[in-house]
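Notes follow the structure.
In our numbering, the protein residues as written are 152 to 252.
Written as structure tokens, this is what we have:
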């Protein structure tokens, strides 16, 4: 715990310094995150299984409402799963929606 107390916000603990957004693949989908300048807008890795579940559930539903979209990750999975219409809200502001595919 003493070691963690000396860390600064945005400090890289292991590996090369990060000076730009990172691109990564999750279950065949590509995402971009900026963990140093916009951590709160990052794609939370602990939600990876839940995003996959949304993709599977979308096969049974033609539309999806993503009320706390944050990054849109759940909406992207829903679209790939077969949802023909996805609407995402963030902070109670409409930020997107429309026919997919």
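In this text, a Cβ means the ideal position worked out from N, Cα and C, and glycines have one as well.
Query                                                                                                                                                                                        : Result
Return the CA-CA distance between residue 224 and residue 207, expressed in angstroms with no decimal places.                                                                                : 14 Å
With distance defined between alpha-carbon atoms, name the residue in 184, 241 and 202 nearest to residue 229.                                                                               : 202
Does the distance from the C-beta atom of residue 194 to that of residue 205 stay below 8 Å?                                                                                                 : no
So which of 210, 214, 216 and 187 has the shortest CA-CA distance to residue 159?                                                                                                            : 187
Hey, could you find the ends of the alpha helix (DSSP H) residue 206 is sitting in?                                                                                                          : 199 to 208
Please work out which residues of its chain come closer than 8 Å, Cβ to Cβ, to residue 240, disregarding the five sequence neighbours upstream and downstream, and give them in chain order. : 216, 217, 218, 219, 220 and 246
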